[in-house]
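Working notes for the structure below.
Numbering (the numbering used here), first residue to last: 22 to 175.
This is the structure we're talking about:
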């Protein structure tokens, strides 16, 4: 047992997140997302978090993973097909979680652009989320040292 680690982050999930480097992406996806196929098309590692919703998984990941501060966007959600301005419930919950963690809002990607970026991800965390559009991509940043005057790491 470890202290201060969100319990829904399995050993496989923790290992995958810890193995990521600066600029690597993690995809947190819903149960409808073609996670196994997308992982096979790229080189992403697939980790199951079947007992968690996508917003729960995002909150847990944000407790252990810094987001990239060197890029304009470090988080992306999938746009609703046929209604790019719609905000599905999971996406609204993602926005709250990102804000609570002190991160910038997520940008939105068209469905197939989201699939392509997920294919290039380091890891795909497949949740048990059953609501549509419960998908978000995060780009890993760096942890700043106290001696780093920029606050942005290296």
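All residues carry an ideal CB built from backbone N, CA and C; glycine is no exception. Fair warning: this is a prediction, and the values are worked out from it, not measured in the lab.
query	result
For chain C, find out if any of its Cβ atoms is closer than 8 Å to the Cβ of residue 49; answer yes or no.	Here chain C cannot be found, since the structure has a single protein chain.
Pull up the CB-CB distance for residue 68 and residue 31, whole angstroms please, since I reckon it's below 8 Å.	7 Å
Are residue 152 and residue 100 close, meaning C-beta to C-beta below 8 Å?	no
Spatial neighbours of residue 158 within its chain, please: C-beta separation below 6 Å, excluding the five flanking residues on both sides.	46, 48, 97, 138
Note down, one range per segment and in chain order, each beta strand (DSSP E) of at least 3 residues found wholly within the region 97-166.	128-130, 144-148, 157-160
Could you give the DSSP three-state label for residue 2: helix, strand or coil?	Any property of residue 2 remains undetermined from this structure, which presents the chain solely from 22 to 175.
At what residues does the alpha helix (DSSP H) containing residue 56 begin and finish?	56-62
Nearest-angstrom Cα distance between residue 40 and residue 33?	11 Å
Using a Cβ-Cβ cut-off of 6 Å (strictly less than) and excluding sequence neighbours within five positions of residue 75, which residues of its own chain qualify?	49, 51, 111, 148, 150, 155
Quick one: grab the DSSP three-state call for residue 33.	helix
Classify residue 80 as buried or exposed, calling it buried when 16 or more other Cβ atoms lie within 10 Å of its own Cβ.	buried
By Cβ distance below 6 Å, which residues in the same chain neighbour residue 63 in space, the five residues on each side in sequence not counted?	140, 141
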